[in-house]
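This report concerns only the one structure given below.
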Amino acid sequence: MSSWPSARSAPSGSASRDLHDVLGHTLSLMVVKAAAVRRLVPTDPAAAASHAEDIERIGRTAMSQVRDTIHDAQAPTLEEQLGAARDALSAADVVTSIRIESPPVGVADELLAWTLREGVTNVLRHASADHCWITLVRAGGAHRLTVCDDGVGSRGRPHGQGGLEGLRVRLESAGGGMTTRGTPEGFTLTAWVPDEQGDA
Numbered sequence: 101m102s103s104w105p106s107a108r109s110a111p112s113g114s115a116s117r118d119l120h121d122v123l124g125h126t127l128s129l130m131v132v133k134a135a136a137v138r139r140l141v142p143t144d145p146a147a148a149a150s151h152a153e154d155i156e157r158i159g160r161t162a163m164s165q166v167r168d169t170i171h172d173a174q175a176p177t178l179e180e181q182l183g184a185a186r187d188a189l190s191a192a193d194v195v196t197s198i199r200i201e202s203p204p205v206g207v208a209d210e211l212l213a214w215t216l217r218e219g220v221t222n223v224l225r226h227a228s229a230d231h232c233w234i235t236l237v238r239a240g241g242a243h244r245l246t247v248c249d250d251g252v253g254s255r256g257r258p259h260g261q262g263g264l265e266g267l268r269v270r271l272e273s274a275g276g277g278m279t280t281r282g283t284p285e286g287f288t289l290t291a292w293v294p295d296e297q298g299d300a
């Protein structure tokens, strides 16, 4: 396990991407939860208090995740990220449909966990969507994850370097890939990684 970097050292490219992915998703979720608190205080104080407790829990978890990321410790799992996606999208009043046909294992699971985290973060930050569809299928020797929303499409989304470009590099370095497509009807992110179990 690597030591905590000194003030003169900087995270590696991989660690920097991990930090971006962890903090981008977590801060977006905290903003969504805070907005829910503000919305619910006049009509449902108990629900508002529950979201406030979530903000405290998420913040504490984020501090731990940052420490783990810098130490190159535990990677995210797809199961964890699916739970986080349901929670975050529900708090943002986004109706979510999830279909998982064949869960991946090993490196594929980690890569798709990062993909789902970034995809949902983009929905929360940029889409203004009412619905989100998350689908994972296994075919042709690869696992293919799709995150699709009915929001504003490419309008208002960042271009060039950023979370999606970092994710693309991560996927391609493992023999996978990613495409994005924005239309007036919404935005779709599709990512694929080799299936370590093969088609047998």
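Note that my numbering gives residue 223 to position 123 of the sequence shown, counting from 1, and the numbers run on in steps of one. Note that beta-carbon positions come from the ideal geometry of N, C-alpha and C, so glycine has one too.
The stretch 180-194 makes contact with the stretch 229-240; the number of CB pairs closer than 8 Å reaches 3 or more. The bridge partners DSSP lists for Val207 come to none. In terms of Cβ geometry, Val247 and Leu216 form a close pair [threshold 8 Å]. Taking 4 residues as the minimum length, the alpha helix (DSSP H) runs contained wholly in the stretch 191-257 are 206-222, in order along the chain. Of the candidates Val252, Leu245, Gly282, Gly266, Leu245 places its Cα closest to the Cα of Val293. Assignment of Val293 by DSSP, reduced to helix, strand and coil, places it in the strand class.
Sequence-distant Cβ neighbours of Thr177 in its own chain, meaning closer than 8 Å and more than five residues away, are Asp209, Glu210, Ala213.
The continuous alpha helix (DSSP H) containing Gly266 extends over residues 263-273.
For Thr143, the secondary structure class from DSSP, reduced to helix, strand or coil, is coil. For Gly276, there is no enclosing beta strand (DSSP E), since its DSSP letter is neither H nor E. Within the DSSP secondary-structure output, Arg160 pairs in no beta bridge. The residues Asp249, Gly251, Val252, Phe287, in chain order, have a CB closer than 7 Å to that of Ala227 in the same chain once the five nearest residues on each side in sequence are set aside.
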